[in-house]
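Protein chains in written order, with the numbering used here: chain A, 36 to 343; chain B, 46 to 405.
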Amino acid sequence: MIEHIVPILVGTLGAATPLVFAGLGELVAEKTGVMNLGVEGMMLIGAIAAFAAAVHTDGNFVVGLSAGALAGALAALPFAILTLTLGANQAATGLALTIFGVGLSAFIGQSFVSYSLPGVQPLAIPLLSDIPVIGPVLFKQDVVVYFSFICFAVLAWVLAKTKLGLVLRAVGEYPEGAHAIGYPVTAIRYGAVLFGGAMAGLAGGYLSTVYTPLWVQNMTAGRGWIAVALVVFATWKPGRLMLGAYLFGGMTILQLHAQGFGVALPSQLLSAVPYIATIVVLVLISRDRKLLQLNLPASLGKPFIAGG
Amino acid sequence: MQILEPRANPSKVMQWAAPPIAIVLTLLIGAILFWGLGVSPLTAFYVFFIEPLETSNGWSELFLKASPLILIAQGLALGFRARIYNIGAEGQLLMGAIFASAIAIWCDGIDAWWVLPLMILAGAIGGGLWGLLPAWLKTHFNAEETLTTLMLTYIATLFLSWLVSVPWRDPGGSNFPQSIMFGDPALFSMMFEGLRVNTSVFITALAVLIFWVFVARSRTAFELAVGGQAPAASRYAGFSARRAVWLSLIISGVTAGLAGAAEVAGPVGQLTLSLSPGYGYAAIIVAWVGRLHPIGIVLSGFLMAMIYIGGDAGQVSLQLPSAITGLFQGMLLCFLLGADAFVNFRLKRRKPTLAKGAAA
Numbered sequence: 036m037i038e039h040i041v042p043i044l045v046g047t048l049g050a051a052t053p054l055v056f057a058g059l060g061e062l063v064a065e066k067t068g069v070m071n072l073g074v075e076g077m078m079l080i081g082a083i084a085a086f087a088a089a090v091h092t093d094g095n096f097v098v099g100l101s102a103g104a105l106a107g108a109l110a111a112l113p114f115a116i117l118t119l120t121l122g123a124n125q126a127a128t129g130l131a132l133t134i135f136g137v138g139l140s141a142f143i144g145q146s147f148v149s150y151s152l153p154g155v156q157p158l159a160i161p162l163l164s165d166i167p168v169i170g171p172v173l174f175k176q177d178v179v180v181y182f183s184f185i186c187f188a189v190l191a192w193v194l195a196k197t198k199l200g201l202v203l204r205a206v207g208e209y210p211e212g213a214h215a216i217g218y219p220v221t222a223i224r225y226g227a228v229l230f231g232g233a234m235a236g237l238a239g240g241y242l243s244t245v246y247t248p249l250w251v252q253n254m255t256a257g258r259g260w261i262a263v264a265l266v267v268f269a270t271w272k273p274g275r276l277m278l279g280a281y282l283f284g285g286m287t288i289l290q291l292h293a294q295g296f297g298v299a300l301p302s303q304l305l306s307a308v309p310y311i312a313t314i315v316v317l318v319l320i321s322r323d324r325k326l327l328q329l330n331l332p333a334s335l336g337k338p339f340i341a342g343g
Numbered sequence: 046m047q048i049l050e051p052r053a054n055p056s057k058v059m060q061w062a063a064p065p066i067a068i069v070l071t072l073l074i075g076a077i078l079f080w081g082l083g084v085s086p087l088t089a090f091y092v093f094f095i096e097p098l099e100t101s102n103g104w105s106e107l108f109l110k111a112s113p114l115i116l117i118a119q120g121l122a123l124g125f126r127a128r129i130y131n132i133g134a135e136g137q138l139l140m141g142a143i144f145a146s147a148i149a150i151w152c153d154g155i156d157a158w159w160v161l162p163l164m165i166l167a168g169a170i171g172g173g174l175w176g177l178l179p180a181w182l183k184t185h186f187n188a189e190e191t192l193t194t195l196m197l198t199y200i201a202t203l204f205l206s207w208l209v210s211v212p213w214r215d216p217g218g219s220n221f222p223q224s225i226m227f228g229d230p231a232l233f234s235m236m237f238e239g240l241r242v243n244t245s246v247f248i249t250a251l252a253v254l255i256f257w258v259f260v261a262r263s264r265t266a267f268e269l270a271v272g273g274q275a276p277a278a279s280r281y282a283g284f285s286a287r288r289a290v291w292l293s294l295i296i297s298g299v300t301a302g303l304a305g306a307a308e309v310a311g312p313v314g315q316l317t318l319s320l321s322p323g324y325g326y327a328a329i330i331v332a333w334v335g336r337l338h339p340i341g342i343v344l345s346g347f348l349m350a351m352i353y354i355g356g357d358a359g360q361v362s363l364q365l366p367s368a369i370t371g372l373f374q375g376m377l378l379c380f381l382l383g384a385d386a387f388v389n390f391r392l393k394r395r396k397p398t399l400a401k402g403a404a405a
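Pasting the structure below:
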């Protein structure tokens, strides 16, 4: 049994990493009161930008991931202008961003379909990676997975323990108050949305340059939407977001291994598991209205136009 | 930082000027894009928007593509007015197509008048069920409909993939994942010799009429709109938010399901994986560009159909990438939402006006 469990757990971390990046980015944006439903689109734009950059630099994934993050932030910029400066409906604009991202990435991607990248070798951390089970699972991953751990730690610390985190939360909970005591609410929200875009772009870039590593049209396959759902599941807490991401990563991998275990279910049913699980998870968490109300950033989805 | 100031009243002019402005901006960026791809923008626009309308076949295709877009958008608009965002119309369309195909496949070989009406009914039920599910999840478990409708679309796609690969695969179809071709009793009849446009467009025409009359006069539609624009007032008046969720999701599911049935019983003629070129998503844009108004949606539906046809034509005669259609769709919606800002806001005047100073 153990010989099955280790590869599944190892795979889980890789499969979860895009959800971790995209989910943490969306979490920060939502903490400041902005719901961006364009995560799927920004991920796709990041994925093709990262892939193109990596192809042009002979498979340099660091350049690729940077390009992906940059492209994701750039894709978030029109969303920020529309919703934050022009007061457009956040749900509709996010949706528009996703539709645009699907179209743009497919458009650019058409000339990259036949390429492939070498991918990234796992980096074993000396000594730690020799620990049975935990070693290969946690300490024999690619560098980007380690980077996702760092991102989580830094973000959780910033949100909980620093003044910046306090300001971010204040903007989301009570923008009028934050504005009244002199914080630039709109500028802070711009920052959070662009950060969310960069993280979504990074998530897409991880898929296309490290995880797969190929460009396939619509390769995110709903992961951006699952990341949005995970933020709700996490009740806007980074720790729970990680838990959710690994849960979903595990499900994706189990589904791939299921055939190997002799599970005689149609492959389509197995592929549907993460989507069904997303609905189940949403239902379980949303039915507790009090819990949701308690944690939901109070101004989420509401435009804020200062002065007038 | 602040470049806008709120208007005292929403601008009626801007409300209707926004879609043309968005269209012009999309075309402008489109022209730059064509130029960048090494195609003369004038040639490209001719191929996209003029050439298809020079033949009767082009007009037939225009109606054929506009029909599902308009039908789905009518249903979606009802919910959008109530701020209930069903973004899974694509999945509801697929379920409608699946249910309608079930009738066609089970009744294969039966030459009876009732096969097609039964398919239409089944399509409406299939789409309606796929809208009912997120409505139930929303009203009973408070689950966000944007996410559930979209997840259900992925599930519907996989269900369709299983159906056409295993139980309903055409044994004579050389292993392609597709069902048998439907017989004549399971197909809408053609309206003109040699053209693909069929009588299913009358369903759309009827729907437009119903939505037009319904939206203009019914109390329910009024309640839905109030619920979206002023939830507090709506609660005070005793309008039920739950009922709004049920109504908008089921109605938009039914219209999408009907569109799906019309596809399999029309131009597609069988159940396949590629039965919809994203009509369910494009209809969201159609609803918005049409100002959520039944007649506006007819106009924007034809515009969107032109983008589809133009995209196909550009691919064939100019070797443009097929993804250009999606790019145009996304740009159109983004520009529209930007232009919409000027319905409620206007550019801040350089100098503060005297009146404002006096008031302060």
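The beta carbon of each residue, even a glycine, is placed where N, CA and C say it ideally should be. The structure presented is a predicted model; accordingly, all values stated were derived computationally and were not measured.
- Task: Assuming B/GLY15 and B/THR198 form a contact by the criterion Cβ under 8 Å, report the distance between their Cβ atoms to the nearest whole angstrom.
- Result: Summary: the structure shown does not reach residue 15 of chain B, with chain B confined to residues 46 through 405, and so no result is reported for it.
- Taking the alpha-carbon positions, what's the B/ALA188 to A/GLY129 distance? Each residue's Cα considered, the two are about 19 Å apart.
- Task: Using the Cα positions of A/ALA195 and A/LEU326, report the straight-line distance between them to the nearest angstrom.
- Result: Approximately 19 Å, taken between the alpha carbons.
- Query: Would a check of beta-carbon distances place B/LEU51 closer than 8 Å to chain A?
  - Reply: With the sequence shown as reference, residue 51 of chain B is identified as Pro, and Leu is not the correct amino acid for it. At least one chain A Cβ lies under 8 Å of B/PRO51.
- Query: Does the pairing of the stretch 375-392 of chain B with the stretch 325-333 of chain B give three or more beta-carbon distances under 8 Å?
  - Reply: Verdict: yes, contact present.
- Task: Determine the chain A residues that contact B/TYR199 at a beta-carbon separation under 8 Å, and present them in chain order.
- Result: Contact note: B/TYR199 reaches chain A through ALA256, GLY257, ALA307, TYR310, using a C-beta cutoff of 8 Å and chain order.
- Of all the CB atoms in chain A, is at least one closer than 8 Å to the CB of B/VAL487? The question about residue 487 of chain B has no answer here: the residues shown for chain B are numbered 46 through 405.
- Task: Report, in whole angstroms, the separation of the C-beta atoms of A/ARG258 and A/ALA57, which I expect to be a contact under 8 Å.
- Result: Contact annotation, A/ARG258 with A/ALA57: C-beta distance approximately 7 Å; criterion of less than 8 Å satisfied.
- What did DSSP end up calling A/MET78 once you bin it into helix, strand or coil? When DSSP states are grouped into helix, strand and coil, A/MET78 belongs to the helix group.
- Anyone know if the C-beta pair for B/SER101 and B/LEU294 falls short of 8 Å? In this structure, B/SER101 sits away from B/LEU294, with a CB-CB distance that is not shorter than 8 Å.
- Message: Below 9 Å on C-beta distance, what does B/GLY375 contact in chain A?
- Response: Neighbours of B/GLY375 on chain A, chain order: GLY76, ALA131, LEU132, THR133, ILE134, PHE135, GLY136, VAL137, GLY138, LEU139.
- Query: How is A/SER151 classed by DSSP in three states: helix, strand or coil?
  - Reply: The answer is strand: DSSP assigns A/SER151 an E or B state.
- Within chain B, partners of A/PHE339 - CB distance below 9 Å: The contacting residues do not exist; A/PHE339 stays about 11 Å from chain B at best.
- Task: For the stretch 128-141 of chain B, enumerate the residues whose C-beta is nearer than 7 Å to any C-beta of chain A, in chain order.
- Result: Using a CB distance below 7 Å, the part of the stretch 128-141 of chain B facing chain A consists of TYR130, ILE132, ordered along the chain.
- Query: Of all the alpha helix (DSSP H) runs that stay within the bounds of the stretch 327-386 of chain B, which reach a length of 4 or more residues?
  - Reply: The stretch 327-386 of chain B contains these whole alpha helix (DSSP H) runs: 339-363.
- Three-pair Cβ contact test at 8 Å for the stretch 100-108 of chain A versus the stretch 160-174 of chain A: With a cut-off of 8 Å, the stretch 160-174 of chain A and the stretch 100-108 of chain A do not count as touching, because too few Cβ pairs lie within range.
- chain A within 8 Å of B/ASN220, Cβ atoms only: Cβ-Cβ to chain A under 8 Å: no for B/ASN220.
- Query: If you draw a straight line from the C-alpha of B/SER206 to the C-alpha of B/CYS152, how long is it?
  - Reply: Each residue's alpha carbon lies about 21 Å from the other.
- Task: Identify the contact partners of B/ASP357 in chain A, using a Cβ-Cβ distance below 8 Å as the criterion.
- Result: By Cβ distance, chain A contributes nothing, its closest Cβ being about 15 Å from B/ASP357, past 8 Å.
- Message: For a cutoff of 8 Å on Cβ pairs, would you count B/ALA289 as touching chain A?
- Response: No, its Cβ sits nowhere closer than 8 Å to a Cβ of chain A.
- Can A/THR2 and A/MET78 be called in contact, C-beta distance under 8 Å? Because chain A here runs from 36 to 343, residue 2 of chain A falls outside it and cannot be looked at.
- Using 8 Å as the limit for Cβ to Cβ distance, is B/TRP175 near chain A? Residue contact with chain A for B/TRP175: absent (no Cβ-Cβ distance below 8 Å to any residue of chain A).
- Below 8 Å on the Cβ atoms is my guess for A/ILE347 versus A/VAL202; work out the distance and round it to an integer in Å. Summary: the structure shown does not reach residue 347 of chain A, with chain A confined to residues 36 through 343, and so no result is reported for it.
- Identify, in the order they occur along the chain, each residue of the same chain with its Cβ nearer than 6 Å to the Cβ of A/TRP260, setting aside the five sequence neighbours on each side. Apart from sequence neighbours up to five positions away, the residues of its chain that approach A/TRP260 with a beta-carbon distance below 6 Å are GLU75, ordered along the chain.
- In chain B, which residues lie with their C-beta within 7 Å of the C-beta of A/ALA127? What A/ALA127 touches in chain B: TRP333, LEU382.
- Message: Considering only their Cβ atoms, is the gap separating A/VAL206 from A/GLY68 smaller than 8 Å?
- Response: Result yes, Cβ atoms of A/GLY68 and A/VAL206 sit closer than 8 Å.
- Check the Cβ of A/TRP271 against every Cβ in chain B and list those closer than 8 Å, keeping chain order. Result: empty, since nearest Cβ-Cβ is about 14 Å, beyond 8 Å.
- Query: Can a CB atom of chain B be found closer than 8 Å to the CB of A/GLY122?
  - Reply: Residue contact with chain B for A/GLY122: present (Cβ-Cβ distance below 8 Å to some residue of chain B).
- Can you name the residues of chain B whose CB is closer than 7 Å to the CB of A/PRO301? Under the 7 Å cutoff, chain B gives TRP207, VAL211.
- For A/LEU72, which beta-bridge partners are listed by DSSP? Within the DSSP secondary-structure output, A/LEU72 pairs in no beta bridge.
- Message: Tell me which residue opens and which closes the beta strand (DSSP E) that B/ARG391 is part of.
- Response: Taken as a continuous stretch (DSSP letters only), the beta strand (DSSP E) holding B/ARG391 covers 390-392.
- Task: Pair every Cβ in the stretch 328-339 of chain A with every Cβ in the stretch 209-219 of chain A, then say whether three or more of these pairs are closer than 8 Å.
- Result: Touching, per the Cβ criterion.
- State yes or no: is the C-beta of B/PHE94 nearer than 7 Å to some heavy atom of the ligand NAP? Because no ligand of any kind appears in the structure shown, any question about the ligand NAP cannot be addressed here.
- Message: Taking its Cβ as the centre, do 16 or more other Cβ atoms sit within 10 Å of A/ASP177, making it buried, or is it exposed?
- Response: It is buried - the Cβ of A/ASP177 has at least 16 other Cβ atoms within 10 Å.
- Is it right to say A/ILE91 is buried, meaning 16 or more other beta carbons lie within 10 angstroms of its own, or is it exposed? Sequence check: residue 91 of chain A is His here, not Ile. By the neighbour-count criterion, in which 16 or more other beta carbons inside 10 Å mark a residue as buried, A/HIS91 falls on the exposed side.
- Backbone CA spacing between B/PRO230 and B/GLU99 [nearest angstrom]: The alpha-carbon atoms of B/PRO230 and B/GLU99 are separated by roughly 32 Å.
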